[in-house]
Amino acid sequence: MAYLEWGERSQRENPRLRSRPHPLRARFRRLAAEMVRHGYRVICPDVAGRGDSDWLKNPMEYAVPTYVFDMVTLIARLDVESVHWVGTSLGGLIGMTLAAMSDSPIQRLVLNDVGPVLTAVSLERLSSYVGKWPPLPTIEAAELFVRSTSASFGPHTDASGDSSPSTSCGRIRTGPLRMH
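Each residue of the sequence shown is one higher than the one before, counting from 1 in this note's numbering.
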């Protein structure tokens with residue numbers, strides 16, 4: 001599992017990411033910088049099959065319990081007793097599951113774009129595009145796709161970088177672009 005780290009303990013990236021572009025979406029970069037400014041150590045993981053993390057051999061393992069196990073392992077590796085968790089969407093589901101565990105490492109939990117109940121309409125919208133990326137041969141095609149799938153999340157500006165394909169896409173070696 002790849003992750004980025006900033007803050008008091010370390011100002012470096014995970015060695016696996018040293019030569020790679022910054023995969024963290026623009027809106028979260030701003031949050032991470034602000035949290036570090038307030039003294040937090042910030043860890044931003046890419047769960048299996050996303051961003052710069054490896055893909056799983058068994059597609060049935062792409063599920064919240066797998067991600068929770070990976071986060072428990074990461075928290076142990078970071079040698080911390082407790083964490084403040086900011087979870088957006090899937091990250092929120094992982095955070096809620098971790099928080100519900102006995103002896104949970106989560107001291108505080110912030111949820112964004114997720115709750116304890118997912119409506120059928122929400123799941124239908126997500127299933128219309130998650131894992132069904134069209135060919136993205138150019139950065140322009142990627143930008144159009146990112147903007148169209150992000151439209152329901154509210155207004156995005158070019159200045160914010162929220163809909164920039166450079167924060168949502170990466171190249172598979174020399175092949176086409178893919179979603180992080």
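Backbone N, C-alpha and C fix where the C-beta goes; we use that ideal spot for every residue, glycine too.
Query raised in the report: Once you ignore the five residues that flank threonine 88 on each side, which residues in its own chain have a CB closer than 6 Å to its CB?
Result: Here the question's residue 88 lines up with position 88 in the sequence shown. Here the set comprises Asn112, Asp113.
**Report entry** Secondary structure of proline 65, DSSP reduced to three states
**Finding:** Position 65 of the sequence shown holds residue 65. DSSP places proline 65 in helix when its eight states are reduced to three.
**Report entry** threonine 97, enclosing alpha helix (DSSP H) - first and last residue
**Finding:** The residue given as residue 97 occupies position 97 in the sequence shown. Note, threonine 97: alpha helix (DSSP H), 90-100.
Query raised in the report: Going by alpha carbons, who is nearest to valine 83 out of Phe69, Asp46, Ala99, Leu93?
Result: Locating residue 83 in the sequence shown gives position 83, where the first residue counts as 1. Comparing Cα-Cα distances from valine 83 to each of Phe69, Asp46, Ala99, Leu93, the minimum goes to Ala99.
Query raised in the report: Near valine 36, which residues of its chain fall below 7 Å by C-beta distance, leaving aside the five closest residues on each side in sequence?
Result: Counting from 1 along the sequence shown, the entry for residue 36 is found at position 36. Counting only Cβ-Cβ distances below 7 Å, and skipping sequence neighbours, we find Trp6, Gly7, Val42.
Query raised in the report: According to DSSP, is glutamate 81 helix, strand or coil?
Result: As a working mapping, residue 81 is identified with position 81 in the sequence shown. Three-state DSSP puts glutamate 81 in coil, outside helix and strand.
Query raised in the report: Quick one: what does DSSP say glutamate 140 is sitting in, helix, strand or coil?
Result: Taking the sequence shown and counting its residues from 1, one reaches residue 140 at position 140. DSSP places glutamate 140 in helix when its eight states are reduced to three.
Query raised in the report: Near glutamine 66, what residues of its chain come up, given a Cβ to Cβ distance below 8 Å and the 5 sequence neighbours on each side ignored?
Result: Indexing the sequence shown from 1 puts residue 66 at position 66. What sits at residue 66 in the sequence shown is threonine, not glutamine. Around threonine 66: Ala48, Leu56.
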